[in-house]
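To start, the structure under review is shown below, and the notes come after it.
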Amino acid sequence: MQQPQQVVSGHGVNLFQDTQNALGLYLHIPFCFHKCHYCDFYSIVDSATRHEDRQQHFTDALISELLTANDKSPLKVRTIFVGGGTPTLLQPKFWHQIFQTLHKIVDFSSLDEFTVEANPETVTDELMRLFAQNGVNRISIGAQSFDQSLLKVLERWHDPQNVSKAMNIARNAGIRYINLDMIFAIPSQTMDRLNADLDAVLDLQPDHISDYSLIFEPNTPLTQKRNMGLIQPIKEDIERDMFEHVITRLSQAGYDHYEISNWAKKTQANQDLPVWGNRCLHNLLYWHNANWLGFGPSAASHMNGHRWKNLPHLGKYIEGSPIPPTIDHEYLKQHDRIGEQLMMLLRLREGVSTAWIKKHIPDSDVRHQTIKELRDINMLEIRDNYLRLTDQGLFVGDAVIARLL
Amino acid sequence: MKIRNFCIIAHIDHGKSTLADRLLASTGAVTKREEREQTLDSMDLERERGITIKASSVSVMHHYEGEDYMLNFIDTPGHVDFHYEVSRALQACEGAILVVDSAQGVEAQTVANAYLAIESDLEMIPVINKIDLPGARPEEIALETEQVLGLPADECIFTSAKTGAGITELLDAICARLPDPSPRKSGDEAPKSDDEKTRALIFDAKYDDYRGVVVYFRLFGGKLKVGDKIRMMGTKRGFAVGELGKFKPKMTRQKEPMLAGEVGYMVASIKTLADVNIGDTITLDNDPAECALPGYQEPHPMVFCDFYPSGETQFDDLREAVTKLHINDASFTYQPTNSEALGSGFRCGFLGMLHMDIIQERLEREGNVSLVQTAPTVTYEIEQRDGTVFEITNPADLPDPSLIKEIREPMITAEIITPNKSIGDLMKLCDQRRGEYKKQQYLSETRQILDYELPLAETIYDFYDKLKSITSGYGTMDYQLNGFRRDNLVKMDILVNGTRVDALSVIVHRDKAEYRGRVLLKRLKQEIDRHLFEIPLQAAIGGKIIARETIKSVGKNVTAKCYGGDVTRKRKLLEKQKKGKERMKRVGTVDIPQEAFMAVLDTGE
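Heads up: the protein sequence lines correspond to chains H and A, in order.
Just so you know, we're using the working numbering here: the first sequence kicks off at 1 and counts up by one.
Just so you know, we're using the working numbering here: the second sequence kicks off at 1 and counts up by one.
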């Protein structure tokens, strides 16, 4: 097989010349038909047919909130990301209303990426065409695993066969980029079963893969089961081996490991793609600490160092419309902001440029010493004028980054 | 008006403070409304721990057989660590009330304190207290008192501080049985002429934010009045008396001169407690006595540890906290120290372990500092081959082994009172701690007194806890220091990631070194978190490694997702990881938690 020729995509290029003006929008759709047992995102179990009123009230409130961001001229937005919950659970008529609003307040000519998260069971031709017509160019499908019994452990109720069907429907409707979300280190998973999952995902050749190791978040049924001894988490050293294996296989298959858990299919010279290639621009925007506004219950926002979050409560969200109650306001001191920025940038495999470090970290900052120590023990390295996690440091990235906060 | 100066001595928890409160209430010194539990324990920490750290005094009036008596009651601390302060308080009295719990009976500190009182020639009134308790056996305990301490059983007064039973009888007995104040103490070698001179014994001192140092004294002879120029006979320092008064029990000023036999306080523009030596004698500058009152000696700290700043605390913050506390409490010693591993800190000396705990807690609480404390050690006497002899209080200061002729360690004589059935296990414990059996004596049919000579170092950490657990809480212990003894002692060094951590060095018996080394490293392995690299742990004597362990590196620690842009949450999760390291000390590249420094005390039993 011919190796795809790699084009420098994003590395070393300042994607957000001016992070203050690079605006992203995040919309949170808080509905699911069933809570997956590992998930700690805010959502409520809903059935579109039974709870049409609730979907209408939510849509009204979301639209009102979006309109509060309306300026005299349309917003110059680089990315829009609709997450959840299960955004595709929202009925097409409500989508229609939301798109209308977005077109009213956003200047779509500067929009580079518009992603919607989808559950494989809910991807319909009608919805995908509606999406494509309205500027959605990226779909993120929650596949998680192609192994029925592992899906059962996660309490994911979809037929793995439907993932490829959903991809076809989306592509035929004109959606350009497709991401598959995967999870590894699921209790009872073995190396063989991990390989089978990787075979399946590579067979489908998505443009982008997010492969997360399973995290036991507090207050999730999965964590409760673990605490009760009903399920055994994968042992630490095996989890590490699995992660290493995922990295190796995806790289061999032509995917660029550009962030701890994210891979983009390498682009070829003749492809007409932006500099960031198949990477997710919206996530890059987070990692570069650009500005974004969040809408919907629990959505987080960041504007010029100010962070806040909408209250994760649908009732209060609707009640408070058009200005929902917010929590966790924060404006960090310079020292802490640098730490936070390092935390974000070091998640990228390219890391953080030495020029940035020189510019932002004062000579007196103890972080210089910490960085030296971390380089001495081979957790960090400098490559092409970028400070980054070493292949070894990657596995303990949180512990490394925590030292720099 | 007649004067009676007395103190109350007891084993801890035998009801000393409650009895004192009851005496105050009965003499009308404290009204019902003012009555708080344990009036004499004023410091919060004292109240919380239920013990008295510093002695206080109270003057009350009692009418007996047509005459007024001023009763000066001098309180004493109730813990073995504060022996020195107990003996100072006893020096200021002619009499002592010995309180014994009517259910518990005679305990180790009952014996120790009674002997102290006997040595000071005090008249004693034995009191069998808590007779209201269901398990009370007053007659039996009175016999026990007679048998063990030689105080006639028929002289015992039965009281209940709780109900008030026997309290009037006790007050009358104080007036009737205790002697008038004398101008001189037993063993006093002062010339006769000094009886007329002003001589006041300092038995306590406290620091007050507004007044400076408040000195508690007992006037043996002469007079003292406001404006007098005084001289401390030990330190030779001079002051002017600015205020005089008594505790009734509130601080009450008096304009009249203080007369011989009286007990009171004075304020004399003294800035720090370090300027006052408990036990010193005050005399008049223009008409001084010839001889000081006898018996003064410096309290000798026996237990030492280092405090180092940790977390956000800087050395300067720690220095401020230590010096400030020392103004309030001169009972501990401190000097700056420097550890290769831990940087700058203070080496502090204490009267005992409880005393150390109190100081550490007060530093953190009142000085608002975060500390790392090293394991306590004792003083060692080193004799070098060239004949020089000196003391070290820190194992890290031990000279090169080739220069050492012998190492001597401080010994204690421990008196343990225990139920018969625990004798076997207790003897085993003492043997494990290199104890030497001295004698055994029946206290009653069910209890015995066991005497052992033990190395102090073997008893400073968990010995008392072990004793309590072996005897189901019934065993009690008291101790006296008893010189130094040579033994086969060596210094064991600990290397963390190849670096010798001087604060973890420990002096151990050669025969126990390997075992202690293994136990210590196992504990360190539990206490030190896994790092981003493998950490070898080694125990060494001289250049020889005698035990080793390895702490594996962290395998995986990276959260996959970024919480949908909820950066704050992500950061807080990581900050938690970082926060955990705050009470730690960084040695080279290894973060060592406070608990690890105490690991050297684990005997592995």
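Note that the Cβ used here is the ideal one computed from N, Cα and C, for glycine as well.
Reduced DSSP category for residue i - H, G, I as helix; E, B as strand; rest coil
i: Arg-237 of chain A; result: coil
i: Thr-326 of chain H; result: strand
i: Cys-7 of chain A; result: strand
i: Gly-366 of chain H; result: Here residue 366 of chain H is Val; the residue named in the question, Gly, does not match the sequence. Looking at Val-366 of chain H - three-state DSSP - the assignment turns out to be coil, as it is neither helix nor strand.
i: Cys-305 of chain A; result: strand
i: Ile-320 of chain A; result: Per the sequence shown, the amino acid found at residue 320 of chain A is Glu instead of Ile. Correct three-state label for Glu-320 of chain A: helix.
i: Asp-398 of chain H; result: helix
i: Phe-220 of chain A; result: strand
i: Leu-530 of chain A; result: The sequence given here places Arg at residue 530 of chain A; Leu does not occur at that position. Looking at Arg-530 of chain A - three-state DSSP - the assignment turns out to be coil, as it is neither helix nor strand.
i: Met-1 of chain A; result: coil
i: Tyr-386 of chain H; result: strand
i: Asp-107 of chain H; result: strand
i: Glu-415 of chain A; result: strand
i: Thr-115 of chain H; result: strand
i: Gly-83 of chain H; result: strand
i: Asn-129 of chain A; result: strand
i: Phe-203 of chain A; result: strand
Same chain, Cβ closer than 8 Å to residue i, neighbours up to 5 away in sequence not counted
i: Gly-234 of chain A; result: Asn-277, Gly-279, Asp-280, Thr-281, Ala-292 and Tyr-296
i: Leu-259 of chain A; result: Leu-219 and Lys-223
i: Ile-323 of chain H; result: Glu-65 and Thr-68
i: Asn-621 of chain A; result: Since the first and last residues shown for chain A are 1 and 605, residue 621 of chain A lies out of range.
i: His-360 of chain H; result: Ile-338 and Gln-341
i: Lys-197 of chain A; result: Gly-221, Gly-222, Thr-283, Leu-284, Asp-287, Pro-288, Ala-289 and Glu-290
i: Ser-321 of chain H; result: Asp-60, Ala-61, Ser-64 and Glu-65
i: Ser-193 of chain A; result: Glu-290
Contacts of residue i in chain H (Cβ-Cβ under 8 Å)
i: Gln-577 of chain A; result: Asp-398, Ala-399 and Ala-402
i: Leu-244 of chain A; result: Those within 8 Å of Leu-244 of chain A in chain H number zero; the least Cβ separation is about 55 Å.
Whether residue i touches residue j by CB criterion (8 Å)
i: Ala-269 of chain H; j: Arg-279 of chain H; result: no
i: Ile-260 of chain H; j: Arg-347 of chain H; result: yes
i: Glu-144 of chain A; j: Val-106 of chain A; result: yes
i: Met-353 of chain A; j: Glu-415 of chain A; result: no
i: Tyr-452 of chain A; j: Arg-408 of chain A; result: no
i: Thr-124 of chain H; j: Ser-140 of chain H; result: no
i: Ile-98 of chain H; j: Pro-74 of chain H; result: no
i: Ile-412 of chain A; j: Leu-454 of chain A; result: yes
i: Leu-180 of chain H; j: Ile-209 of chain H; result: yes
i: Thr-390 of chain H; j: Met-379 of chain H; result: yes
i: Val-86 of chain A; j: Leu-116 of chain A; result: yes
Within chain H, partners of residue i - CB distance below 7 Å
i: Leu-653 of chain A; result: Residue coverage of chain A in this structure runs from 1 to 605, which leaves residue 653 of chain A outside it and unanswerable.
i: Val-519 of chain A; result: Chain H residues near Val-519 of chain A: none, gap ~27 Å exceeds 7 Å.
i: Thr-313 of chain A; result: Within chain H, no residue comes near Thr-313 of chain A; the closest Cβ sits about 16 Å away, beyond 7 Å.
Spatial neighbours of residue i in its chain, beta-carbon cut-off 6 Å, leaving aside the 5 residues before and after
i: Leu-133 of chain A; result: Ala-103
i: Asp-195 of chain A; result: Pro-183 and Gly-221
i: Leu-45 of chain A; result: Any reading at Leu-45 of chain A must be qualified, since the residue scores a pLDDT of 46, below 50, and its modelled position is unreliable; the value itself is stated next. If we look at Leu-45 of chain A and ignore the five residues flanking it on each side, it has no Cβ neighbours.
C-beta neighbour in chain C for residue i, strict 8 Å
i: Glu-236 of chain H; result: The structure shown contains no chain C; the protein chains it does contain are H and A.
Contacts of residue i in chain A (Cβ-Cβ under 9 Å)
i: Trp-276 of chain H; result: Within chain A, no residue comes near Trp-276 of chain H; the closest Cβ sits about 17 Å away, beyond 9 Å.
i: Met-343 of chain H; result: Val-567, Lys-570, Arg-571 and Leu-574
Within chain A, the residues that residue i reaches when beta carbons sit closer than 7 Å
i: Arg-156 of chain H; result: Here the premise fails: no neighbours, minimum Cβ distance about 16 Å.
i: Arg-240 of chain H; result: Gly-555 and Lys-556
i: Arg-226 of chain H; result: Here the premise fails: no neighbours, minimum Cβ distance about 16 Å.
i: Tyr-255 of chain H; result: The premise fails here: Tyr-255 of chain H is roughly 16 Å from chain A at the closest Cβ pair, so nothing lies under 7 Å.
Nonlocal neighbours in the same chain, by C-beta distance under 7 Å from residue i, ignoring five residues either side
i: Arg-375 of chain H; result: Glu-381
i: Gly-212 of chain A; result: Val-267, Ser-269, Ile-270 and Lys-271
i: Cys-36 of chain H; result: Leu-154, Glu-155 and Arg-156
i: Phe-216 of chain H; result: Leu-222, Thr-223, Arg-226 and Pro-233
Beta-carbon neighbours of residue i, restricted to chain A and to distances below 8 Å
i: Trp-292 of chain H; result: Gly-565
Under 9 Å from the C-beta of residue i: neighbouring residues of chain H
i: Thr-589 of chain A; result: Glu-373, Asp-376 and Ile-377
TODO: Check whether the segment 585-596 of chain A touches the segment 494-510 of chain A, counting contact only when three or more Cβ pairs, one atom from each stretch, lie closer than 8 Å.
DONE: As far as the Cβ criterion goes, the segment 585-596 of chain A touches the segment 494-510 of chain A, which means the pair count is three or higher.
Open item on the list: So, does the segment 283-291 of chain A touch the segment 336-356 of chain A, judging by three or more C-beta pairs under 8 Å?
Closed with: The segment 283-291 of chain A is not in contact with the segment 336-356 of chain A.
Open item on the list: I want to know whether the segment 161-171 of chain A touches the segment 14-22 of chain A - three or more CB-CB distances under 8 Å.
Closed with: With a cut-off of 8 Å, the segment 14-22 of chain A and the segment 161-171 of chain A count as touching, because enough Cβ pairs lie within range.
Task: Three or more C-beta pairs below 8 Å linking the segment 239-250 of chain A and the segment 264-274 of chain A - done: At 8 Å Cβ cutoff, the stretches touch.
- [ ] Decide if the segment 120-132 of chain A is in contact with the segment 374-393 of chain H; the criterion is three or more beta carbon pairs, one per stretch, under 8 Å apart.
- [x] Too few Cβ pairs lie closer than 8 Å, so no.
Task: Given 8 Å, three or more beta-carbon pairs between the segment 310-330 of chain A and the segment 367-387 of chain A - done: Touching, yes, given that three or more Cβ pairs across the two stretches are closer than 8 Å.
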